[in-house]
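Taking it in order: structure first as structure tokens, then the write-up.
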Amino acid sequence: MNEQQNHTTRQSSAVTVIGLGPMGQAMTRTLLTAGHPVTVWNRTASRADSVVTAGARLASTPGEAVEASDLVILSLTDYQAMYDVLAGAPESLAGRTLVNLSSDTPDRTREAATWAAGHDATFLTGGVMVPAPMVGTEAAYVYYSGRGEAMERHLATLTLLGTPKHLGEDPGLAQMMYQAQLEVFLTTLSALMHATAMLGTAGLSAKEALPELLSAADSIGAILRAGEENPGAALDAGEHPGDLSTVTMMGATSDHIVETSTSLGLDLALPLAVQAHYRRAIKDGHGSDNWTRIIDSIRGPR
1 MNEQQNHTTR QSSAVTVIGL GPMGQAMTRT LLTAGHPVTV WNRTASRADS VVTAGARLAS
61 TPGEAVEASD LVILSLTDYQ AMYDVLAGAP ESLAGRTLVN LSSDTPDRTR EAATWAAGHD
121 ATFLTGGVMV PAPMVGTEAA YVYYSGRGEA MERHLATLTL LGTPKHLGED PGLAQMMYQA
181 QLEVFLTTLS ALMHATAMLG TAGLSAKEAL PELLSAADSI GAILRAGEEN PGAALDAGEH
241 PGDLSTVTMM GATSDHIVET STSLGLDLAL PLAVQAHYRR AIKDGHGSDN WTRIIDSIRG
301 PR
């Protein structure tokens, strides 16, 4: 291998990580452990101390960080932070693949892909679906969308962070999947805290209540899978057979939860939101349909 080929090989295996919060630091350590040269940059340089000790190289500017690698991973607060960081070095972006793992809206993600293309860079959107301590483990997985060719070119490196799931060419799709997953997660967390507060009024400590509530949360997936051989197929077909749990039955339960929460002086935001879904479906004449009928009002007018 001649010197030029050797330089190209080193450059293609190198990775830049911009943004060194817990997630950025975890990704950097994972890449270093796998033997990749990693260049890092963070607005607060002291956050790089631990990964530099582990073997990363700290760039003095974002432009220097971008130029160090073909693959540039961004782990920032939002997409505006990407513009703020990279706006001063647009000439450095040409030929690079930007993998933005920051959270924002699908529309802003699509705009960012257009912006990157305008600077001759390739853009991939990503959503890491595990907390920082789980990055690089068998439990980790990451949704991606954007150019399939770029995904293939960097697949081996990105796989180190977690099992990659490429959803397609639309840059906004991974962002939407990320938010959909977190919607389930965040709503479940709020429900767990609301239920813990409810049980607390009866004298049960969180230590006593949470194990029972977590068992219920764990069982939801199995319950839904048992009710339908191919979850989602009936929804796609517009079918809501009410032979197991109807809108009326589930709506009555939501009424009871609202009444109980009111009598206990608990916050009503979550139970009222749930109740509203069932009340709208009943008002629309779907009380005898399966509870999945609530998706109609959630989807909104069509």
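Heads up, the sequence shown is in this note's numbering, so the first residue is 1 and it goes up one at a time.
Note that the Cβ used here is the ideal one computed from N, Cα and C, for glycine as well.
In this text the structure is predicted, and so the values were computed from the model without any measurement.
State the DSSP-derived secondary structure class of G55, mapped to helix, strand or coil. DSSP places G55 in coil when its eight states are reduced to three.
With contact counted as at least three CB pairs below 8 Å, one residue from each stretch, are the region 268-277 and the region 210-220 in contact? Touching, no, given that fewer than three Cβ pairs across the two stretches are closer than 8 Å.
Same chain only: Cβ atoms within 6 Å of D120, ignoring 5 sequence neighbours per side: These residues qualify, in order along the chain: A94.
Can you list, in chain order, the residues of its chain with a C-beta nearer than 6 Å to that of G162? Leave out the 5 residues immediately preceding and following it. Take G162, set aside five residues on each side of it, and the residues of its chain with a beta-carbon closer than 6 Å to its own are A140, Y141 and V142, in chain order.
Three-state class that DSSP yields for S288 in the structure shown: If DSSP states are grouped into helix, strand and coil, S288 belongs with coil.
Run the CB neighbour count on Y144, radius 10 Å, all protein chains shown included, and call it buried at 16 or more, exposed below. Buried.
Considering only their Cβ atoms, is the gap separating L32 from A54 smaller than 7 Å? Yes, they are a contact pair.
For D16, the residue or residues it bridges with in DSSP: It should be noted that the sequence gives Thr, not Asp, for residue 16. The partner list for T16 (beta bridge, DSSP) reads T39 and V72.
So G19 and S75 are in contact, right, with Cβ under 8 Å, and what is the actual spacing, rounded? Between S75 and G19 the Cβ distance is about 4 Å, and since that is below 8 Å, they are a contact.
Using CA coordinates, which residue listed in Y178, D243, H154 and V85 is at the minimum distance from P131? If we check each option's Cα against that of P131, Y178 comes out closest.
Going by DSSP, what residue range makes up the alpha helix (DSSP H) through H119? Where H119 is concerned, there is no enclosing alpha helix (DSSP H), given that its DSSP letter is neither H nor E.
For A237 and E229, I'd like the C-alpha separation in whole angstroms. C-alpha separation (whole angstroms): 14 Å.
Backbone CA spacing between G248 and Q181 [nearest angstrom]: The sequence shown places Thr at residue 248, rather than the Gly named in the question. Roughly 27 Å separates the two Cα atoms.
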